[in-house]
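A short worksheet on the structure shown next.
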Amino acid sequence: MRTLISTAFVSLDGVVEAPGGEAGYRNAGWTFKDVEFLPEAFEIKGREQQEATAMLLGRVSYEAFSPVWPGMEDFAEYKDMPKYVVSTTLGDADLVSDWGKTTILRSLDEVAALKETEGGPIIMHGSATLNRALSDAGLIDRYHLLVFPVLLGAGKRLFSGTDKDRQKLKLVEHEAYANGLQKNVFDVVR
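FYI, the numbering for the sequence shown is 10 to 199, going by the working numbering.
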């Protein structure tokens, strides 16, 4: 079974919305405002590209990343990697042509089936709505969280407010940085 890894920039109060400056959120770009950039705090981002063998995205994140990431040197390892977009509304004509093979998945059942295929880890960036649904369905195996020392209040959260059974996590890697960022890597305990 393939490992599904959720990777996110998250505020201390659990917000993941518009970390890079996406329009429509009052605190857009919060990861780069008032937090000193330290390259060592983002080492895990390069490692994710080396370890992942496929990328999973929700529609909104795909629409935000696909016009930009294919040409960015920082994300070069992802260019030719197979991508899977979970969407009930996108069609093949909506996919970009310069970002490698992309397959549209229509349901969480199709994500579960993808996990059963041969291959290495699948990385999921952003995709707040999809993350909540996959977490609630027990389909995420690992979390890579860079926690920023900010409180944002309102905004899309990484985890849902659904009343569900407790899900235990095991901290397998962590580090705190001089700028206040914390790296927390958790495996889901089954």
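All C-beta atoms in this analysis are idealised placements derived from N, C-alpha and C, irrespective of residue type, glycine included.
{"Query": "Thr111 and Val94 closer than 9 Å at C-beta", "Result": "yes"}
{"Query": "Whole-angstrom distance between Ala73 and Leu21, CA atom to CA atom", "Result": "24 Å"}
{"Query": "Three-state secondary structure assigned by DSSP to Ala37", "Result": "coil"}
{"Query": "Beta carbon of Asp150 nearer than 9 Å to that of Ile53", "Result": "no"}
{"Query": "Residue environment, Leu139, which counts as buried when at least 16 other CB atoms sit within 10 Å", "Result": "buried"}
{"Query": "For Asp145, the first and last residue of its enclosing alpha helix (DSSP H)", "Result": "137-145"}
{"Query": "Classification of Phe157 by the beta-carbon crowding that lies within 10 angstroms, buried from 16 upward", "Result": "buried"}
{"Query": "8 Å contact criterion, which Trp39 and Leu161 should meet: CB distance rounded", "Result": "6 Å"}
{"Query": "Tyr71, enclosing alpha helix (DSSP H) - first and last residue", "Result": "68-74"}
{"Query": "First through last residue of the alpha helix (DSSP H) which encompasses Glu54", "Result": "Correcting the residue type first, residue 54 is Lys in the shown sequence and not Glu. Per DSSP, Lys54 belongs to the alpha helix (DSSP H) from 52-60."}
{"Query": "Whole-number beta carbon distance between Gly189 and Val44, since they are thought to touch under 8 Å", "Result": "7 Å"}
{"Query": "Reference Glu119; option with closest CA among Ser106, Asn36, Asp107, Ala146", "Result": "Ala146"}
{"Query": "Spatial neighbours of Glu125 in its chain, beta-carbon cut-off 7 Å, leaving aside the 5 residues before and after", "Result": "Met10"}
{"Query": "Limits of the beta strand (DSSP E) - the one that Val19 falls within", "Result": "13-20"}
{"Query": "Three-state secondary structure assigned by DSSP to Val77", "Result": "coil"}
{"Query": "Separation of Leu99 from Ala37, as counted between CA atoms", "Result": "25 Å"}
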